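Chains as they are written, first to last, in the numbering used here: chain E, 1 to 589; chain S, 1001 to 1184.
From the three backbone atoms N, C-alpha and C, an ideal C-beta is built for every residue, glycine too.
This one's a predicted model, so the numbers in the text were calculated from it and none came from an experiment.
Structure representation (structure tokens):
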């Protein structure tokens, strides 16, 4: 592609940006991808030595918070303070973005997640949704998204075992899942000692455990684009680090090579977009700073924001795109419905057994969905929604924290004895809960703190809510029952939610909302195709589109929505234009 | 003499390494495993000098523990000031700098720091500094030997961690993939 004006600019080259760039360039559109982090072109050697816990702990591939971070206040009366280091959430940067760092889980959402307001009021009555809870339907159903889930699973080589094929429940799969059209493209991963104990124990208790859907390949695989990858080596360094082997599907090794080989895709790394240029309801292009700070403007026929949920919302606010949400009047929508997840660990300790927890990855394990979404009767429980519970080999080595019995000191001889005795003699059960949106939980611009260009940082107003605390307590009780049934020698229970959300302690990188999708322009920022209602040639892809936090991890859904949005972009950007000869660059005025 | 920490601070750090991870139980202590060269290397490196840390004004003390590190100090600055405060506290309470005290007295001083009762300069919360100190020492014990600690991988061997490797089909006894007749 020559240096001419592209058809489309894609801001941020993680999963969503990578998928959209590949689909658009395959359809003959010229795309420039702007990514503020470095490029990692040429996989070989790009991530040598990344099997290193300290590099993960030093957040090597995480957003450089010295140049841009977020501020957080726990309610509208508190002064927001910056996250001076990334802690509770660690979004990725650089070409590949967070897809380099996720643990490889590749879920579909259950049908409930797309129409929660309708489902809740139908089952529990109109007043079941408390005042202030801004739970919203998405404007699409699972059936609308199913074909795009299929496309994502085939592209990434997702492995698992189906639990529902066209309405028929299959043993060994997730009986609560929405109907799939067929099996997973790849079989499930191997069974590992800890997850197998979780599977057998939950089965005895009457649950229906199933293999976690994993985008780390269980076998060598070639996807429909001809991308060939090797099977996972179970090295254990999946979460927080890029895969050295290309076995864990990420944008860098699956979709971006496809975009690059069309000759219609140009990556500009080290480029930070600060504003979308627009007038009269149409975007004209973007303004960005390159690696040495020089300012540029790039014109294009359309703009896609796929720079992570929080950064998408900030770009809209700093560009004056859409109407900012006002929590007092409830008007406006940009910044509305911030959602999140809590996660907790409970450990079963066994004096005489080791489990090789350093083998595998967070996506290699078994899960149960009995307490996810609305899969159980919430009458009288005092909260809505829920989440998945699983066991996988979550962490590689001793730096990731060694569970020790309650009361063990944090340092000294007693601590040393305990870690020597219990290391790798534990099975970890994880609880993952949906944090639902609330009128007072939202995103706007900070009045004080700025980034390196003097532009305001994004301010998050959020704290744990009553729904979170009751759900956590309920799920922790269920997990305690599972852990007890494993008959361990010691139990390390989950710590409980602190008084205030702690920005410094890792929790989850599933930040959602801020530019939510919906059928009603007055209540949402983007259409069900992720196209902005207020600016017809801007699409906002990624977690920002999700109207609430869900009990299921969002990566698979974010990717399916990106595939679906690509359809809309192609349709609108090639409409009324004579067939574009492949490869021709015809600047459009 | 290390240019990132004064002499006295290095001596105090070496003793703290052996209080966090004492010798015994079949494994050397933190000092012998190389925690000091590890910490000095980290403090002199990008992380220690404040890379990826947002350090723009204003710096405001957090009203409660929900806000994380709010000080403008880099880890290197925090270590220099924090270890000096530990020595002043040891001298005032026990009549000698930290390195001159018996191990049980050293533990008492560290417990004071952990409880936040050691007087530290404004902007450096004692309990937060203790957590930073503790985490960095533990990293020195269990990180990859190439960073200067975990001498010869002895801490890994002692605890039973084989180090970074590819475990598919190696000595690790992995249950064979479950045959499943329904798979295509």
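- The segment 299 to 368 of chain E contains, as complete alpha helix (DSSP H) runs of 4+ residues, the segments 309 to 319 (chain order).
- Residue 479 of chain E and residue 443 of chain E have their C-alpha atoms spaced approximately 33 Å apart.
- Rounded to the nearest angstrom, the Cβ distance from residue 322 of chain E to residue 534 of chain E is 5 Å, consistent with a contact under 8 Å.
- By the beta-carbon neighbour count (other beta carbons within 10 angstroms, threshold 16), residue 506 of chain E is exposed.
- Taking 8 Å as the CB threshold, residue 355 of chain E stays off the interface with chain S.
- Comparing C-alpha distances from residue 1051 of chain S to each of E:187, E:537, E:85 shows the shortest one belongs to E:85.
- At least one C-beta of chain E is nearer than 8 Å to the C-beta of residue 1062 of chain S.
- Neighbours of residue 1096 of chain S in chain E, taken as residues at a C-beta separation under 7 Å, are lacking, since the least C-beta distance is about 20 Å.
- When CB distances to chain S are screened at a threshold of 9 Å, the residues of the segment 496 to 529 of chain E falling below it are 498, 499, 500, 501, 502, 503, 504, 505, in chain order.
- When rounded, the separation of the alpha-carbon atoms in residue 1096 of chain S and residue 1068 of chain S is 33 Å.
- Residues of chain S with a Cβ closer than 7 Å to the Cβ of residue 87 of chain E are, in chain order, 1068.
- For residue 241 of chain E, the closest of E:569, E:483, E:99 by C-alpha to C-alpha distance is E:99.
- Counting every other CB atom within 10 Å of its CB across the protein chains shown gives residue 1064 of chain S a total below 16, marking it as exposed.
- Per DSSP, the beta-bridge partners of residue 105 of chain E are E:214.
- For residue 258 of chain E, the enclosing alpha helix (DSSP H) has its first and last residue at 256 to 261.
- Of the residues E:546, E:517, E:573, E:453, the one whose Cα lies closest to the Cα of residue 69 of chain E is E:453.
- The DSSP-derived three-state label of residue 198 of chain E is helix.
- DSSP links residue 50 of chain E through a beta bridge to no other residue.
- Taking 8 Å as the cut-off, the beta carbon of residue 547 of chain E is found closer than this to the beta carbon of residue 516 of chain E.
- At a cut-off of 8 Å between C-beta atoms, residue 202 of chain E does not count as an interface residue with respect to chain S.
- Bounds of the alpha helix (DSSP H) holding residue 116 of chain E are 116 to 124.
- Going by C-alpha positions, residue 1167 of chain S is about 42 Å away from residue 1113 of chain S.
- From the listed residues E:356, E:20, E:465, the smallest Cα separation to residue 254 of chain E is found for E:20.
- DSSP, read as helix, strand or coil, puts residue 1107 of chain S in helix.
- Excluding its 5 nearest sequence neighbours in each direction, residue 307 of chain E has C-beta neighbours in its own chain below 6 Å: 11, 12, listed in chain order.
- Below the 8 Å Cβ cutoff, chain S contributes no neighbours of residue 338 of chain E, its closest Cβ being approximately 16 Å away.
- In this structure the segment 543 to 558 of chain E touches the segment 377 to 392 of chain E; the number of beta carbon pairs closer than 8 Å is three or more.
- Its Cα nearest to that of residue 262 of chain E, the residue E:28 stands out among E:81, E:521, E:28.
- Annotation for residue 150 of chain E: no beta strand (DSSP E) segment contains it, though the alpha helix (DSSP H) segment containing it runs 142 to 156.
- Residue 145 of chain E and residue 136 of chain E have their C-alpha atoms some 17 Å from each other.
- When C-alpha distances from residue 330 of chain E are compared across E:36, E:523, E:539, E:105, the shortest belongs to E:523.
- Residue state for residue 204 of chain E is assigned as helix, using DSSP reduced to three classes.
- Counted as a single uninterrupted DSSP element, the beta strand (DSSP E) harbouring residue 490 of chain E occupies residues 490 to 492.
- Among the residues facing chain S, residue 53 of chain E is included, as its CB has a counterpart in that chain under 8 Å away.
- For residue 394 of chain E, no Cβ of chain S is located within less than 8 Å of the residue's own Cβ.
- Closer than 8 Å to the CB of residue 235 of chain E there is at least one CB belonging to chain S.
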